[in-house]
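Numbering (full-length UniProt numbering), first residue to last: 1 to 431. In this text, a Cβ means the ideal position worked out from N, Cα and C, and glycines have one as well. Keep in mind that this is a model prediction, so the values were computed, not measured.
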């Protein structure tokens with residue numbers, strides 16, 4: 001008789017389950033949805049009975065529901081990590097232990113606790129929830145039964161320190177209670193010490209914003225102390241030579257004031273002087289100036305009829321060996337020079353202002369400004385009938401990609417040509 005076929009091994013008969021399913025099931029099993037296990041079993045059956053790629057079908061109703069449950073659990077774990085606040089208590093043997101009580105939406109203690117083990121490896125701590133508790137002693141992470149809120153300690157002295165820190169970092173200009181409630185549900189507020197001062201911070205937000213704005217104008221006032229009442233350009237230039245409104249004057253060779261006709265219809269405003277400009281005392285005479293001159297000629301403009309200046313009048317630099325490399329001026333430095341730029345605008349009264357780069361635009365507008373998003377757009381402003389921004393010529397020199405550099409140069413020249421058209425009174429899209 002023929003020998004009997006060998007029996008199939010247990011491994012051959014055992015169904016293979018994708019690792020992605022195991023990760024999904026680990027999260028979904030922690031959800032409070034009563035149907036979660038039935039849903040997991042149905043997906044498992046389909047995976048092992050002819051649908052091995054089921055989890056890749058995002059539109060499948062079972063998969064979509066499982067993903068929604070998984071996302072809810074993952075988000076709950078994230079909130080556990082963000083909103084747990086430990087309180088210090090005296091542990092056994094006189095040592096310190098840190099205890100927190102937290103109420104999650106789902107049964108996530110075992111998913112979330114390992115994060116704290118990694119984050120605080122040398123600190124003894126306990127996290128208590130109504131479902132389960134986690135305890136770390138520096139060597140072993142253990143789990144125990146859930147505990148009520150009154151099992152956790154009350155306020156300790158660290159909470160006042162945390163409230164002080166929160167007051168210091170709180171930005172009153174960005175108050176958005178609706179967004180805060182979405183990201184920080186009200187049910188967690190009672191366990192977050194910083195939220196006990198929220199009503200005070202919200203109430204005082206308007207006055208704090210006013211104080212912040214007053215602080216900004218304070219920087220401009222420092223420069224205004226050097227700005228004479230006259231709006232004659234020679235008088236302004238002479239006064240600017242002795243300006244010490246910010247620290248940039250300490251390392252710069254000299255003030256680089258604007259130059260051009262006092263009645264120029266077009267004003268170009270750059271960022272700050274470069275190395276060559278700092279040495280000779282004139283704006284846009286270095287490599288960026290040569291790019292500017294070439295683009296002006298291509299746009300049909302003569303530099304001799306244009307008033308050219310910078311938002312910041314001193315060269316900010318950092319050493320690189322024997323070279324002085326440009327360093328971007330920061331907000332207070334831009335603000336300190338704003339009074340000089342305002343005086344130049346009042347003296348020249350141009351019909352068109354073109355800002356070369358974001359720093360120049362910020363000097364007028366404050367805050368952030370994106371040249372790539374807003375270049376070439378024309379605005380009607382208090383400073384000029386037509387105000388626009390484009391690239392700084394130095395930015396074109398720094399572009400490493402030749403094709404991108406050529407395209408940006410074309411845009412730069414086109415924007416200057418648009419300024420020429422505005423001077424000629426052609427139709428444009430003023431806003």
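Item: So, for residue 435: in the same chain, excluding its five sequence neighbours on each side, which residues have a beta-carbon less than 6 Å away from its beta-carbon?; Value: Residue 435 is absent from the structure shown; the chain starts at 1 and stops at 431.
Item: Following a CB-centred definition, is residue 392 positioned closer than 7 Å to any heavy atom of the ligand ADP?; Value: Although the ligand ADP was asked about, the structure shown includes no ligands whatsoever.
Item: Could you tell me which uninterrupted beta strand (DSSP E) segments, each at least 3 residues in length, are contained entirely in the stretch 309-353, listed from first to last along the chain?; Value: 317-320, 323-326
Item: Would the stretch 265-280 and the stretch 301-315 be scored as touching if the rule is three or more Cβ pairs under 8 Å?; Value: yes
Item: With DSSP as the reference, label residue 280 as helix, strand or coil.; Value: helix
Item: Can you look up residue 135 in the DSSP assignment and give me helix, strand or coil?; Value: strand
Item: Can you find the residues in the same chain that come closer than 8 Å, C-beta to C-beta, to residue 146, ignoring five residues on each side of it along the sequence?; Value: 128, 129, 130, 131, 132, 133
Item: By DSSP, does residue 384 sit in helix, in strand, or in coil?; Value: coil
Item: By DSSP, does residue 48 sit in helix, in strand, or in coil?; Value: helix
Item: Using three-state DSSP, classify residue 289 as helix, strand or coil.; Value: helix
Item: What separation, rounded to the nearest whole angstrom, lies between the Cα atoms of residue 363 and residue 323?; Value: 28 Å
Item: Considering residue 96, what are the terminal residues of the beta strand (DSSP E) in which it resides?; Value: 96-101
Item: Taking the beta carbon of residue 380 as the centre, do at least 16 other beta carbons fall within 10 Å, making it buried, or is it exposed?; Value: exposed
Item: Do residue 384 and residue 405 have their CB atoms nearer than 8 Å?; Value: no
Item: Residue 248 and residue 326: beta carbons closer than 8 Å?; Value: no
Item: Report the rounded CA-to-CA distance for residue 427 versus residue 378, giving the unit in angstroms.; Value: Legend: pLDDT at residue 427 = 43, less than 50; position of this residue unreliable, no value from coordinates given.
Item: If you drop the 5 nearest sequence neighbours on each side, which residues of the same chain put their C-beta closer than 8 Å to that of residue 418?; Value: 376, 378, 388, 428
Item: Are the beta-carbon atoms of residue 273 and residue 291 separated by less than 8 Å?; Value: no
Item: Apply the 10 Å Cβ neighbour rule to residue 50 and answer buried if 16 or more other Cβ atoms are within range, or exposed otherwise.; Value: exposed
Item: Under the rule that 16 or more other beta-carbon atoms within 10 Å means buried, what is residue 280, buried or exposed?; Value: exposed
Item: Straight-line CA distance for residue 68 to residue 74?; Value: 10 Å
Item: Starting from the C-beta of residue 142, find all residues in its chain whose C-beta is less than 7 Å away, skip the five residues before and the five after it, and write them out in chain order.; Value: 135
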